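So the protein lines, in turn, are chains W and F. Note that the first sequence covers residues 13 to 122 in the working numbering. Note that the second sequence covers residues 52 to 166 in the working numbering. From the three backbone atoms N, C-alpha and C, an ideal C-beta is built for every residue, glycine too. Just so we're clear, the structure is a prediction, and the values are computed from it rather than from any experiment. Here's the structure, in structure tokens; my notes come after.
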Amino acid sequence: RKEVEQDPGPFNVPEGATVAFNCTYSNSASQSFFWYRQDCRKEPKLLMSVYSSGNEDGRFTAQLNRASQYISLLIRDSKLSDSATYLCVVNVNYGQNFVFGPGTRLSVLP
Amino acid sequence: GAGVSQSPSNKVTEKGKDVELRCDPISGHTALYWYRQSLGQGLEFLIYFQGNSAPDKSGLPSDRFSAERTGGSVSTLTIQRTQQEDSAVYLCASSPTGTGLYEQYFGPGTRLTVT
Chain W
13 RKEVEQDPGP
23 FNVPEGATVA
33 FNCTYSNSAS
43 QSFFWYRQDC
53 RKEPKLLMSV
63 YSSGNEDGRF
73 TAQLNRASQY
83 ISLLIRDSKL
93 SDSATYLCVV
103 NVNYGQNFVF
113 GPGTRLSVLP
Chain F
52 GAGVSQSPSN
62 KVTEKGKDVE
72 LRCDPISGHT
82 ALYWYRQSLG
92 QGLEFLIYFQ
102 GNSAPDKSGL
112 PSDRFSAERT
122 GGSVSTLTIQ
132 RTQQEDSAVY
142 LCASSPTGTG
152 LYEQYFGPGT
162 RLTVT
């Protein structure tokens, strides 16, 4: 089993739709969780950290379920500019510290 | 403040040549990471530096790849005798600490093309 797995995608949704991405991780000792977005031919950029109580930033909501070891990202009222690949990132308590998921590509269509 | 910078932004080299890629992390960040990303693929971890500790080289694909970090700041990734399969974007990231509790900040990457 891979350390971090994500919905395979791609997701093609119309503008204004609500879309949810899921991510599962295997290391129960993980303490930090992040969602990054990566635009085509650009570097990954932090979208939001994921806190135990869940957190919201405008149209974006992140949830963490430690018992089931999964993280979710909800995007409401999708915009064309939300089109990107969304990367789930989990910290591990060894070596490189961060493990990236393979990413889920989102295309928001007009 | 200044983010992570990388140079060159693009590099085209002939098969068999050596290349050096440079990364300037955010000032004060103790952790530095190198990744590579082939077209349409995910991030592949290469090497990790934390302070003065020995680097984690577990991701380096072959002994043609090496990296150093001088004075706990600037890092150089060297690829010797480049091969066509080395063509990729090489991304550098830094983080305030080596605990993995804080996010990484990525540089814009170096696009390497081996002809």
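- The three-state secondary structure of residue 145(F), taken from DSSP, is strand.
- Taking C-beta separations shorter than 8 Å and ignoring five residues to either side along the sequence, the partners of residue 32(W) in its chain run 84, 85, 86 and 87, following chain order.
- The C-alpha of residue 64(W) is placed about 27 Å away from the C-alpha of residue 22(W).
- Between residue 50(W) and residue 97(W) a beta carbon distance of about 5 Å is seen, short of the 8 Å cut, so the two are scored as contacting.
- Chain F places no beta carbon closer than 7 Å to that of residue 86(W), leaving this residue out of the contacts.
- For the pair of segments examined, the stretch 110–124 of chain F was found to touch the stretch 95–102 of chain F: the number of CB pairs separated by less than 8 Å reaches three.
- Look at the beta carbons and you see the stretch 118–138 of chain F touching the stretch 64–84 of chain F: at least three pairs across the two are nearer than 8 Å.
- Of 110(F), 143(F) and 139(F), the smallest CA-CA separation from residue 63(F) is found for 139(F).
- Identification of chain F residues near residue 104(W) by a Cβ-Cβ cut-off of 8 Å yields 151, ordered along the chain.
- Under the 10 Å beta carbon count, residue 66(W) is surrounded by fewer than 16 other beta carbons and is classified as exposed.
- Separation of residue 99(W) and residue 59(W) (C-alpha to C-alpha, rounded to the nearest whole angstrom) is 9 Å.
- In the structure shown, residue 111(F) falls within a coil segment according to DSSP collapsed to helix, strand and coil.
- Neighbourhood of residue 22(W) in chain F, by CB distance below 8 Å: empty, with the nearest CB roughly 11 Å away.
- In this structure, 95(W) is the residue among 111(W), 13(W), 95(W) and 108(W) with its C-alpha nearest to the C-alpha of residue 26(W).
- Taking the Cα positions, residue 77(F) is about 26 Å away from residue 164(F).
- Nearest to residue 122(W) by C-alpha distance, out of 14(W), 16(W), 13(W) and 28(W), is 28(W).
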